[in-house]
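Only one structure is covered here, and it is reproduced in the block below.
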Amino acid sequence: MKTVEKVVNPVKRAGEQSPGKIYNENLKVRARREWRGVKDTFYDYTRWLYLIFVLARFIVVPRNIKGFFRYRWMMSYLFVPHGMDKFTIGLRDEALRIAHTSFNFVIADVTQAIANCFRGDRRVGNDKAYSGKCVITDENSMVTFMMGFDTDKVHTILREVPTMFASNIFHQFNVMHYLDIAQQYGIPGDVCPMPEAEAGISIEDDFCVLGCCAVQNNTTCDGSLMGNGIIAKRLEREYGIPTYQLATPLRHKEPDVLEYAAQEIKNAIEFVEKHTGEKWNWDTYFTAARRVNDATRCRIAQMEINSTPYPQFFGAAFSLYNDTNYMGNSGRNADFVTIDHKLLALAQKGYENKRMYAKEYRHRAIVWGVQPQYVIDMLYWMVQCWGVMPLTDMLSVINTDMIAEVDTPENREQAYRDMAMLNMEMIMRNHTHGGFKVLVDDLWELCEQMNADIVMMWEHMSCKALTGMHGQFEEQARARGIHIMWVSHDLCDPRVFTRQAIRDQVNSYMRTVMREEPLDPSLEIIPDNEAY
Amino acid sequence: MRDLKHLLYFENLLQEANNALVAQAKADGKVCIAYTCENVPEPLLNLDGTCSIRLSAPHTGSLDIATYYMTNLLCEPSRALLERAIEGGFSFADCVITPDGCTMINRAVENMELLETMGKNNPRFFHSYMEIAFKNTPNDVDLSVLQCTNHILKPLQENYGIDVSDAAIRKAVADHNRICELIRAIGEFRKEQKPRITGYEFHVLCLATYVCPKYLLIDKLEETLEELKTREPEDKEPRVRVLLVGSEVDDSGLVKLIEEQGAFVCCDRFCFGSYPGRVPIVLNDEEDALTQVCRHYIQNCQCPRMMNQEKVYGRKAYVAELAREYNADGVIYEQVKFCDPWAYERTLGSAMLQHDYGFPVLSVDRPYNIASSSGQMRTRVQAFVESMEIKKIQRGGNA
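Quick note, the sequences are listed as chains B and A, same order. Per the numbering used here, the first sequence starts with residue 21, numbered consecutively. Per the numbering used here, the second sequence starts with residue 58, numbered consecutively.
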């Protein structure tokens with residue numbers, strides 16, 4: 021089997037040595053926050069206060085208070101200050117700053133998304149003029165088709181992000197209610213719980229109602245495509261919000277689907293123009309395209325750093341930041357450029373100083389598949405507890421090609437193909453669809469490029485695209501001498517696999533197959549199954 | 058009723074994928090094209106020198122090996138097909154055409170390819186995957202034409218020298234229509250108050266047209282149609298009439314089980330059924346045949362993966378229309394377990410048929426091979442039949 025050289029951290033971590041001790045069996049939150057030495061604790065605390073400030077600034081607006089009491093899912097956001105600590109277990113120095121910089125920005129972005137939803141929501145803010153310029157899109161949708169609309173004139177509302185996706189990260193039990201609603205309605209329990217929960221929210225009429233139109237997409241899977249039908253029924257038939265289905269080909273590596281996809285983008289833009297009354301602006305588009313390219317360059321640089329013995333930006337903060345930037349932003353917001361460069365500078369500094377996240381790195385892992393929402397801190401736990409360094413995750417392995425960024429007549433036509441390409445290769449579906457090569461072969465190439473000896477394989481039990489290749493992964497990993505560590509879960513339903521049940525799969529593999537002892541035994545079993 | 062003369066013959070053809078007619082077609086020198094989805098235009102697979110065989114795995118038992126490759130979380134049809142392929146049950150295939158219709162079937166075929174389950178001694182064997190339409194727009198027709206050209210016609214021409222000209226496609230459509238007309242004519246007898254064909258018998262005949270070379274079935278189908286014209290129906294009307302809607306049913310045992318409980322399956326709206334799969338294709342002389350065939354499949358497609366709202370609502374309206382046309386008392390929405398597209402379609406369809414169209418609906422999931430677990434289904438159907446009978450009595454009708 022393949023082995024990698026162990027890297028030992030010559031510097032003793034300041035402050036707390038056993039962060040597992042701060043978990044408390046009797047509480048929904050940890051007993052206390054982590055002690056990281058004077059300098060880092062101070063930094064961590066000020067960032068934590070900043071989060072409180074972001075939340076306070078949000079909740080002082082009267083309509084947001086109204087929305088808070090109207091929507092069940094809003095309860096999750098009470099636990100954001102606790103949730104942030106999930107991303108910083110054991111972190112110090114640049115690593116701590118990277119996690120805060122990226123994730124605080126994501127939280128601020130989500131907070132703004134909720135505020136926007138409430139502003140236009142017919143049941144809360146009911147700002148009709150604002151709502152008339154809002155376009156609703158899916159949670160898992162690339163918003164490339166909005167890149168050429170001025171952001172001060174047309175507002176893109178990814179209303180499923182704060183309602184389902186982000187809220188589940190902060191409160192593991194939040195989604196269960198909506199899953200129950202969907203299943204009471206008749207949807208079986210064996211479909212992916214994410215679109216099922218979104219359908220449940222719609223069935224219970226617990227989405228904000230706003231917008232002059234909506235654009236849905238066949239984003240990630242059959243379940244996601246099908247859930248749209250239930251959501252569109254309420255949008256169109258009850259609330260009179262016209263809904264466009266943006267079809268995105270699945271076999272995205274085949275050149276003969278590109279023109280179809282480009283035409284679909286054109287049609288979606290036309291639909292948005294018709295309903296918002298605003299025109300597509302090529303200056304705005306190419307400015308956004310330059311930002312997309314800039315973000316791509318930064319992401320490639322981050323991946324290069326992660327290929328070295330001293331990876332810096334990884335885990336949930338990395339994937340959620342990429343998710344927000346690549347799909348939810350798609351170059352429309354200039355603030356991401358600043359953050360991208362700040363993060364890259366921090367990572368470069370960390371690399372130059374050979375900063376490490378744990379006492380030692382015993383293994384280098386590629387994380388493949390889809391991570392569960394309610395164990396978002398898993399990869400930080402894995403490196404702290406077992407010294408298995410997650411170099412990158414599947415959701416962060418996205419487009420590396422540059423798109424046309426100069427406004428010329430030829431590039432205007434190329435722009436539709438670029439948007440189509442980005443749309444087809446949106447997060448997750450760029451590997452789970454398009455043939456087995458992008459799922460299986462790409463993984464082995466990545467293992468080679470990043471010198472990984474382990475694949476930590478999230479087996480999301482309702483993700484048929486991934487589990488359909490289970491045997492191939494097994495056999496091909498064996499042939500290549502790469503360890504494959506299966507970790508099953510059900511994405512956002514903790515009743516199927518609890519947090520500890522998920523961690524125990526890693527514990528068992530490390531003890532029985534790898535015959536190793538944990539780096540930090542205090543983390544091996546954490547009493548957080550009942551925690552938010 | 059007296060047994061149909063050729064029923065046993067047709068039933069025997071359904072006992073295995075590599076049946077007697079497939080062997081005969083191979084002996085005739087035909088290129089046997091295996092395919093997996095109703096979204097593939099069948100006439101393009103039945104050009105001169107070729108014949109289409111839709112893959113099925115009758116009498117599926119153990120799925121152990123396929124479950125190792127695909128886990129027990131994927132639908133049984135996908136695992137059953139893979140298991141059968143590993144066992145060598147599809148060795149007759151000269152190529153496999155797979156549209157990216159649903160993820161699970163697609164993964165099953167990809168596993169077949171990686172495991173080299175077919176075509177070992179045939180250097181011209183190929184696998185071809187294709188994108189299929191999501192909506193019924195002109196853009197989707199263009200996509201379909203391009204995909205059929207690149208992933209069906211070109212490989213057939215290049216690998217097997219098949220004539221893929223417009224004239225060849227028109228002839229294939231005419232042959233296809235002959236089968237459709239026969240099946241539709243036979244199916245018309247189900248509209249009668251005292252039907253002279255059972256839903257099970259019809260399903261056996263219809264199913265054979267998918268899993269056997271069509272050109273070898275025509276004489277027996279014609280004879281059966283003639284026989285039906287003079288067949289004496291049962292004296293008594295069926296207790297209730299149901300329309301069966303849902304995911305693929307290539308196990309006629311399901312229809313038999315439903316009919317054993319007293320329901321007459323008066324119409325079929327599922328994969329391997331006659332709606333929409335046996336609706337004839339009408340061609341004009343102004344436009345090329347390929348485009349017209351593609352448009353026909355897109356417009357008639359009732360697959361839940363068609364995602365625009367016109368199609369989403371249209372599918373329910375189509376079911377309601379069929380139910381009225383065939384005088385159905387109720388609708389059974391069925392879905393093979395773990396099928397994502399039909400999980401949602403069944404849910405929304407059941408709700409809409411009940412609330413928007415006023416039909417009693419039984420909404421069930423089922424195993425691929427109904428014989429493996431028939432008790433639950435039997436109970437559900439019995440209860441449904443009784444509930445509809447009670448409603449009939451309450452309305453003053455005959456039970």
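Even glycine gets a Cβ: it sits at the ideal position worked out from N, Cα and C. Treat the numbers as computed from the prediction; the structure is a model and nothing was measured.
For B:F89, does the count of other Cβ atoms within 10 angstroms reach 16, so buried, or fall short, so exposed?
-> For this step, residue 89 of chain B is matched to residue 69 along the first sequence. Label assigned to B:F89: exposed.
Indicate whether at least one CB of chain A lies closer than 7 Å to the CB of B:A186.
-> The residue labelled residue 186 of chain B in the question sits at position 166 within the first sequence. By this cut-off, B:A186 is not an interface position.
Within the region 402-432 of chain B, ranges of the alpha helix (DSSP H) (whole runs, at least 4 residues) = none
Taking the beta strand (DSSP E) that B:A308 falls in, what are its first and last residues?
-> On the first sequence, residue 308 of chain B is found 288 positions in, with the first residue counted as 1. Counting along the chain, B:A308 falls outside any beta strand (DSSP E), though it belongs to the alpha helix (DSSP H) covering 302-326.
Is any beta-carbon of chain A found at less than 7 Å from that of B:A267?
-> If you number the first sequence from 1, residue 267 of chain B lands on position 247. By this cut-off, B:A267 is an interface position.
Take B:T263 as the anchor and find which of B:Y198, B:G168, B:D355, B:C232 has the nearest alpha-carbon.
-> Your numbering for residue 263 of chain B matches position 243 in the first sequence. With distances taken between Cα atoms, B:T263 lies closest to B:C232.
Between B:Y43, B:R519, B:N443, which lies nearest to B:Q283 when the distance is taken from Cα to Cα?
-> Within the first sequence, the letter at position 263 stands for residue 283 of chain B. Among B:Y43, B:R519, B:N443, the Cα nearest to that of B:Q283 belongs to B:N443.
9 Å Cβ cut-off: residues of chain B touching A:S429 = Numbered from 1 along the second sequence, position 372 holds the residue referred to as residue 429 of chain A. Going along chain B, no residue has its Cβ under 9 Å from A:S429, so there is no contact; the nearest lies around 17 Å.
For B:L447, which of helix, strand or coil comes out of DSSP?
-> Looking up residue 447 of chain B in the first sequence gives position 427. The question names Leu, yet the displayed sequence has Ile at residue 447 of chain B. Note: B:I447 maps to coil in three-state DSSP.
Taking only beta-carbon positions, decide if A:P290 is within less than 7 Å of chain B.
-> Start at 1 with the first residue of the second sequence, and residue 290 of chain A comes out as number 233. A:P290 does not count as touching chain B.
Interface flag, A:Q366 vs chain B, CB-CB below 7 Å = Taking the first residue of the second sequence as position 1, residue 366 of chain A is located at position 309. So, interface residue.
Should A:T174 be flagged as near chain B, meaning a C-beta pair shorter than 7 Å?
-> What you label residue 174 of chain A is simply residue 117 of the second sequence in a count that begins at 1. Chain B contact via Cβ: absent.
Answer with buried or exposed for B:D579, where buried requires no fewer than 16 other C-beta atoms within 10 angstroms of its C-beta.
-> This structure leaves residue 579 of chain B out entirely; chain B is present only between 21 and 552.
Would you kindly report the start and end of the unbroken alpha helix (DSSP H) that includes B:I496?
-> Taking the first sequence and counting its residues from 1, the one referred to as residue 496 of chain B is at position 476. Rather than Ile, the amino acid found at residue 496 of chain B in this sequence is Gln. From DSSP, the alpha helix (DSSP H) with B:Q496 extends over 490-500.
Is the shortest distance between the beta-carbon of A:F183 and the beta-carbons of chain B less than 7 Å?
-> Translated into the one-based positions of the second sequence, residue 183 of chain A becomes position 126. No - not a single Cβ of chain B is within 7 Å of the one on A:F183.
Go through its chain and collect everything with a Cβ distance to B:P331's Cβ below 7 Å, but skip five positions before and after it.
-> Position 311 of the first sequence, counted from the first residue, corresponds to residue 331 of chain B. Closer than 7 Å at Cβ, skipping near neighbours: I325, M409, L411.
Using three-state DSSP, classify A:L61 as helix, strand or coil.
-> Along the second sequence, one-based indexing puts residue 61 of chain A at 4. Coil at A:L61, not helix or strand.
Taking DSSP as the reference, what is the three-state secondary structure of B:E479?
-> By one-based count along the first sequence, residue 479 of chain B stands at place 459. Looking at B:E479 - three-state DSSP - the assignment turns out to be strand.
Roughly how many whole angstroms lie between the Cα atoms of A:K394 and B:T268?
-> Taking the first residue of the second sequence as 1, we reach residue 394 of chain A at position 337. Taking the first residue of the first sequence as 1, we reach residue 268 of chain B at position 248. Cα to Cα, A:K394 sits roughly 26 Å from B:T268.
Listing by chain order, which chain B residues have their CB less than 8 Å from the CB of A:N207?
-> Within the second sequence, the letter at position 150 stands for residue 207 of chain A. What A:N207 touches in chain B: D276.
Is the CB of A:F327 under 7 Å away from at least one CB in chain B?
-> As a position in the second sequence, residue 327 of chain A is number 270, starting the count at 1. Chain B contact via Cβ: absent.
Helix, strand or coil: how does DSSP classify A:E68 here?
-> Here residue 68 of chain A is taken as the residue at index 11 of the second sequence, counted from 1. Three-state result, A:E68: helix.
When the Cα atoms are used, what is the spatial distance from B:Q211 to B:C483?
-> Indexing the first sequence from 1 puts residue 211 of chain B at position 191. Indexing the first sequence from 1 puts residue 483 of chain B at position 463. As written in the sequence, residue 211 of chain B is Val, which differs from the Gln given in the question. Between B:V211 and B:C483, the C-alpha separation is close to 8 Å.
For the region 217-235 of chain B against the region 294-310 of chain B, are there 3 or more C-beta pairs whose distance is under 8 Å?
-> yes
With a floor of 3 residues, list each beta strand (DSSP E) that falls wholly inside the region 112-143 of chain B, ordered by position along the chain.
-> none
Per DSSP, what kind of secondary structure is B:W506 in: helix, strand or coil?
-> The residue given as residue 506 of chain B occupies position 486 in the first sequence. Strand.
Three-way DSSP call (helix, strand, coil) for A:V221 in this model = Indexing the second sequence from 1 puts residue 221 of chain A at position 164. In this structure, A:V221 counts as coil in the three-state DSSP scheme.
Could you list the residues in the region 110-141 of chain A with a C-beta less than 7 Å from some C-beta on chain B, going in chain order?
-> Y125, Y126, M127, T128, L130, L131
Since I believe B:W93 is in contact with B:T183 (beta carbons under 8 Å), could you give me their beta-carbon distance rounded to a whole number of angstroms?
-> Here residue 183 of chain B refers to the residue found at position 163 of the first sequence. Here residue 93 of chain B refers to the residue found at position 73 of the first sequence. Indeed they touch by this definition, with Cβ atoms about 5 Å apart.
For A:P333, does the three-state DSSP call read helix, strand or coil?
-> Against the second sequence, residue 333 of chain A aligns to sequence position 276. A:P333: coil per DSSP, three-state reduction.
Residue nearest to A:D413 in terms of C-alpha spacing, selected from A:E140, A:F183, A:A374 | The residue you call residue 413 of chain A lines up with position 356 of the second sequence. Of the listed residues, the one whose Cα sits closest to A:D413 is A:A374.
Within 7 Å (strictly less), CB to CB, does B:H490 reach chain A?
-> In the first sequence, the residue the question calls residue 490 of chain B occupies position 470. Closer than 7 Å to some Cβ of chain A, the Cβ of B:H490 qualifies, so yes.
Proximity of A:G163 and A:C360 at Cβ, strictly below 7 Å | Taking the second sequence and counting its residues from 1, one reaches residue 163 of chain A at position 106. Taking the second sequence and counting its residues from 1, one reaches residue 360 of chain A at position 303. Reading off the sequence, residue 163 of chain A comes out as Asn, not Gly. Not closer than 7 Å, so no.
9 Å Cβ cut-off: residues of chain B touching A:E402 = Here residue 402 of chain A refers to the residue found at position 345 when the second sequence is read from its first residue. Near A:E402 (Cβ distances below 9 Å), the residues of chain B are M246, G249.
Paired residues, beta bridge with A:V421 - DSSP | Working through the second sequence from its first residue, we reach residue 421 of chain A at position 364. BP columns for A:V421 point to A:E391.
Helix, strand or coil for B:R33, going by three-state DSSP, please let me know.
-> Counting from 1 along the first sequence, the entry for residue 33 of chain B is found at position 13. The answer is coil: DSSP assigns B:R33 none of H, G, I, E or B.
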